[in-house]
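Participant: Going by the UniProt record's numbering, the first residue of the sequence shown is number 1, and it counts up by one from there. Glycine residues also receive a C-beta, built at the ideal position from the N, C-alpha and C atoms.
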Amino acid sequence: MKITFKILLTPLLVILPGLSYGQGYISSDYMPTSTLKDDAGNKYGSGDLLILSGRYTLPFSVRHNEKGQVTAWSATLNCSYGILNNKGPAKELNPDNILNSSLNISHIRPLSDRWSIIASLGAGVYASPSEITIKSVLANGAVVFVYKLRNNLDLGIGGGLTNSYGIPMILPMVYFSWRNTGKYEFKVDMSSGIKISAATWLNKKFKVELTAIEMDGMSAVMNIDGKSKIYSTASMKSYISPSFYISKKTSIYLGIGGNWIRSAKISDRSFKGFIENFKEDDGSCNFGTSLRFTAGFRCGF
């Protein structure tokens, strides 16, 4: 799990399109105060985190062929704002605020009965709002070849482009999407993050989702002693979330659960800094386990 978490810390920042278009959400997540420690158990103060985020995918063109396969162009706008309230040494190791905002143009099309290609290209601002410069603009892209093993199972492999570490780098990417519908809905998604969940409808208006594991994160380019650095924070959480559907595609939801790990790391923006992320002693610290509260609104057209 630790190596998986380190991979997530690597800010690839790629957003791959799904098959749902004209949909968006607004949400807020709050993680109460927990202690910041290094791998040796040394304490570095404490802090809490509030994240306000939104996402919307706008389709330019969506077409289905005679086999039901999709060819589509879309634009996805993402925006997240993190408010970090830290005390003690943690205040020096973490920024007070983080802005992550990006725009991606994405394309999906079939190559054969089983194969399809997903491509995405975009850029965004990743910084503390008071430190935004041209270096805060990070580009990202990806090309993934997806094989439909079954009607509900897609496997893919490809490459992702990022300049998070100061130089353009192409990193391997894995795509995995499995879902099972019925009275109980199960889903495993490894396209733009990691999420394993199960859900059921209580009636026509109420749906309850249990998420076993979900991982996400934020990044910020920082200037420390005249050198360009990148700050990364990643979280692993589990939660239960009831949703109330106002209409077929519009709902409000709440969530409560546990935030098991919240990392904090500052790396050099260089190839050496990238490699050091995978060392056993990489200098990262982690906030302790805490509760996590979520509230949000989803809509579709």
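(1) Going by the CB atoms, is the gap between A220 and Y81 shorter than 7 Å?
(2) Across which residues does DSSP place R269 in a beta bridge pair?
(3) Do F244 and I252 have their beta-carbon atoms positioned less than 7 Å apart in this structure?
(4) Please report how far the alpha carbon of A90 lies from the alpha carbon of T35, in whole angstroms.
(5) Going along the chain, which residues of its own chain have a beta-carbon closer than 6 Å to the beta-carbon of R262, five neighbours each way excluded?
(6) Would you list the residues sitting across from T294 in a DSSP beta bridge?
(7) Find out if the Cβ-Cβ distance for the pair A199, K205 is shorter than 7 Å.
(8) Give the secondary structure of A90 by DSSP, where H, G and I count as helix, E and B as strand, and everything else as coil.
(9) By DSSP, does F274 sit in helix, in strand, or in coil?
(10) So L161 packs on G141, CB below 8 Å; how close in whole Å?
(11) Quick check on DSSP: helix, strand or coil for E185?
(12) Throw me the rounded Cβ distance for the G54 and I26 pair, which I believe falls under 8 Å.
(13) Could you name the residues that DSSP lists as bridge partners for K148?
(14) How would you label I118, buried or exposed, when you count the other beta carbons within 10 angstroms and need 16 or more for buried?
(15) For the putative contact between S106 and S74, defined by C-beta atoms under 8 Å, what is the C-beta separation to the nearest angstrom?
(16) What's the gap between the Cα of C79 and the Cα of P95?
(17) Identify which residue in G166, S247, K183 has its Cα closest to the Cα of S228.
(18) Could you tell me which of P172, N203, L171 sits nearest to Y184, measuring between CA atoms?
(19) Pick helix, strand or coil for E66, following the three-state DSSP scheme.
(20) Let me know if S112 comes out buried or exposed under the rule of 16 or more other beta-carbons within 10 Å of its beta-carbon.
(21) Taking just the CA atoms, how far does N97 sit from L50?
Facilitator: Taking the coordinates as given:
(1) In terms of Cβ geometry, Y81 and A220 do not form a close pair [threshold 7 Å].
(2) Answer is none; R269 lacks a bridge partner.
(3) yes
(4) One C-alpha to the other measures close to 9 Å.
(5) S235, F287
(6) D29, G255
(7) no
(8) helix
(9) helix
(10) The beta-carbon separation of L161 and G141, rounded to 4 Å, stays under the 8 Å limit for a contact.
(11) strand
(12) 5 Å
(13) Beta-bridge pairing by DSSP links K148 to D154.
(14) buried
(15) 5 Å
(16) 18 Å
(17) G166
(18) N203
(19) coil
(20) exposed
(21) 10 Å
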